[in-house]
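Residue numbers (my numbering): 119 to 434. Idealized CB from N, CA, C, for every residue including glycine. Predicted model only: the values in this text are computed from it and were never measured. Read through the structure below, which is laid out as structure tokens, and then see the notes.
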Ligand SMILES: C[S@@+](CC[C@H](N)C(=O)[O-])C[C@H]1O[C@@H](n2cnc3c(N)ncnc32)[C@H](O)[C@@H]1O
């Protein structure tokens, strides 16, 4: 299945979405993404008709506005992109810097689409003054307007009429989730949080995040968290504590190109934590038995709270 992508985005879960989706209930009333970024998981979920409604949220206000335009005004946005992209061909680099300057002045979300399509690695970077300062990718011209328009139309067709988009800090989203929601959280990596790294708008304090998850447990809200992981045998980031009663699933995300360059053959493994309610539900819902045989058997094992023992699940 080809799932449309609105723009490249560093940290996007697009490639892992089919694996993460295996841990969503078969049918979800509303999927909530408090740290949605490029909304890769919601788009993949909508493409498979696995949720009826979506709540996309990201603290980055122009990014959230851009997602709202993609969902609700794909034609106008595509036309705007087309014109910007065409204007790029006289002096592409100079054009990029002009658009970037204009975006920093106006915070116009339409300009952000062009910047994301043209910047290095889709990495949103801001300087200390909050100005977008990522450089243009000198080797690529960005997504062709026709391809962009087709992607925008396809995403809008999947999400329009069933999606709300907000730009709140994640705590405000979690305070308003309903008991029948399923929440997928993909916060910035611990390793890139904090004052010294401007890759994200705000660092998430570990203890605050744990307290927010404990509050979700009290409300019986089902949730999944992508949270750091390991490279080869080295873990990065602190694991989430046993007191949250989570089930840990490890997902092989691929070989690390950095390690390969250094002559090491190491696999990047991402952690996916499932809330207790969700892990128990996956055990008892027989319709989840639809994957490869070895996966089905593991899905049907009794979930073990993280900290006592660990389900270490290899997904091909
Ligand atoms: C790892 S990215 C999410 C990537 C996303 N899963 C995807 O597939 O594109 C984390 C996102 O969290 C957002 N963010 C950072 N701090 C936040 C906060 N306090 N509340 C809500 N969103 C936040 C960032 O702007 C960033 O887009």
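Practice prompt. Using a threshold of 7 Å, state whether the C-beta atoms of residue 352 and residue 395 are closer than that.
Written response: For this step, residue 352 is matched to residue 234 along the chain shown. For this step, residue 395 is matched to residue 277 along the chain shown. For residue 352 and residue 395, no; Cβs fall outside 7 Å.
| Which value, in whole angstroms, describes the spacing of the CA atoms of residue 250 and residue 294? | If you number the chain shown from 1, residue 250 lands on position 132. If you number the chain shown from 1, residue 294 lands on position 176. When rounded, the distance between both Cα atoms is 30 Å.
| Beta-carbon proximity check, residue 152 vs residue 300, cutoff 7 Å | By one-based count along the chain shown, residue 152 stands at place 34. By one-based count along the chain shown, residue 300 stands at place 182. At a Cβ-Cβ threshold of 7 Å, residue 152 and residue 300 do not count as neighbours.
Item to complete: Can you tell me the Cβ-Cβ gap for residue 280 and residue 170, rounded? I've got them flagged as a contact below 8 Å.
Response: The residue you call residue 280 lines up with position 162 of the chain shown. The residue you call residue 170 lines up with position 52 of the chain shown. Sure, about 6 Å apart at Cβ, within 8 Å.
Review point. Where residue 285 and residue 346 are concerned, what is the direct C-alpha to C-alpha distance, given to the nearest angstrom?
Key: For the purposes of this step, residue 285 is taken as residue 167 along the chain shown, with counting starting at 1. For the purposes of this step, residue 346 is taken as residue 228 along the chain shown, with counting starting at 1. Approximately 23 Å between the Cα atoms of the pair.
| query | Could you give the distance in angstroms between the alpha-carbon of residue 470 and the alpha-carbon of residue 401? | reply | Within the shown structure, residues of the chain are numbered from 119 to 434, placing residue 470 beyond reach of any answer.
query = If we call anything under 7 Å between Cβ atoms a contact, is residue 216 one with residue 237?
reply = As a position in the chain shown, residue 216 is number 98, starting the count at 1. As a position in the chain shown, residue 237 is number 119, starting the count at 1. Annotated as distal: residue 216 and residue 237, with beta-carbon spacing of 7 Å or more.
**OP:** Report buried or exposed for residue 131, applying the criterion of at least 16 other Cβ atoms within 10 angstroms of its Cβ.
**Re:** The count along the chain shown starts at 1 and reaches residue 131 at position 13. The residue is buried, with at least 16 neighbouring Cβ atoms inside 10 Å.
Hey, is residue 124 close to ligand 1, as in C-beta under 6 Å from one of its heavy atoms?
-> Your numbering for residue 124 matches position 6 in the chain shown. No.
Presumed contact (8 Å Cβ cut-off) between residue 364 and residue 391, rounded CB distance: Here the question's residue 364 lines up with position 246 in the chain shown. Here the question's residue 391 lines up with position 273 in the chain shown. That pair is a contact at about 4 Å.
Three or more C-beta pairs under 8 Å: does that hold for the segment 198-205 against the segment 259-273? Between the segment 198-205 and the segment 259-273 there are three or more C-beta pairs closer than 8 Å, enough to call the two in contact.
Original post:
Quick one: is residue 245 buried, meaning 16 or more other Cβ sit within 10 Å of its Cβ, or exposed?
Top reply: Position 127 of the chain shown, counted from the first residue, corresponds to residue 245. A residue is called buried when at least 16 other Cβ atoms come within 10 angstroms of its Cβ; residue 245 does not meet this threshold and is exposed.
### Query
Are there 16 or more other CB atoms within 10 angstroms of the CB of residue 218, so buried, or fewer, so exposed?
On the chain shown, position 100 is the one that residue 218 refers to. Buried, since its Cβ has 16 or more Cβ neighbours within 10 Å.
**OP:** Confirm, please, whether the CB-CB distance from residue 371 to residue 386 is below 7 Å.
**Re:** For the purposes of this step, residue 386 is taken as residue 268 along the chain shown, with counting starting at 1. For the purposes of this step, residue 371 is taken as residue 253 along the chain shown, with counting starting at 1. In this structure, residue 386 places its C-beta atom within 7 Å of the C-beta atom of residue 371.
Worksheet item: Along the chain, where does the beta strand (DSSP E) that runs through residue 323 open and close?
Response: For the purposes of this step, residue 323 is identified with residue 205 of the chain shown, where counting begins at 1. Note, residue 323: premise wrong, no beta strand (DSSP E); not H, not E.
| Looking only at C-alpha atoms, which of 165, 357, 212 sits nearest to residue 122? | One-based indexing of the chain shown puts residue 122 at position 4. The shortest Cα separation from residue 122 among 165, 357, 212 belongs to 165.
Report task. Specify the secondary structure class of residue 413 as computed by DSSP and reduced to three states. Result -> Your numbering for residue 413 matches position 295 in the chain shown. Residue placement at residue 413 is poorly supported in this model, since its pLDDT is 38, which falls under 50; the coordinates still yield a value, given next. DSSP places residue 413 in helix when its eight states are reduced to three.
Practice item. Could you check if residue 144 is buried or exposed, using at least 16 other CB atoms within 10 Å of its CB as the buried criterion? Key: Along the chain shown, one-based indexing puts residue 144 at 26. Under this definition residue 144 is an exposed residue.
Looking only at its chain, what residues have a beta carbon closer than 8 Å to the beta carbon of residue 334, apart from the 5 residues adjacent to it on each side? As a first step, residue 334 is located in the chain shown; it is residue number 216 there, counting from the start. Cβ within range, chain order: 292, 295, 301, 341, 393.
> Between residue 173 and residue 150, what straight-line distance do the alpha-carbon atoms span, to the nearest angstrom?
Replying inline: The residue given as residue 173 occupies position 55 in the chain shown. The residue given as residue 150 occupies position 32 in the chain shown. The C-alpha of residue 173 lies about 5 Å from the C-alpha of residue 150.
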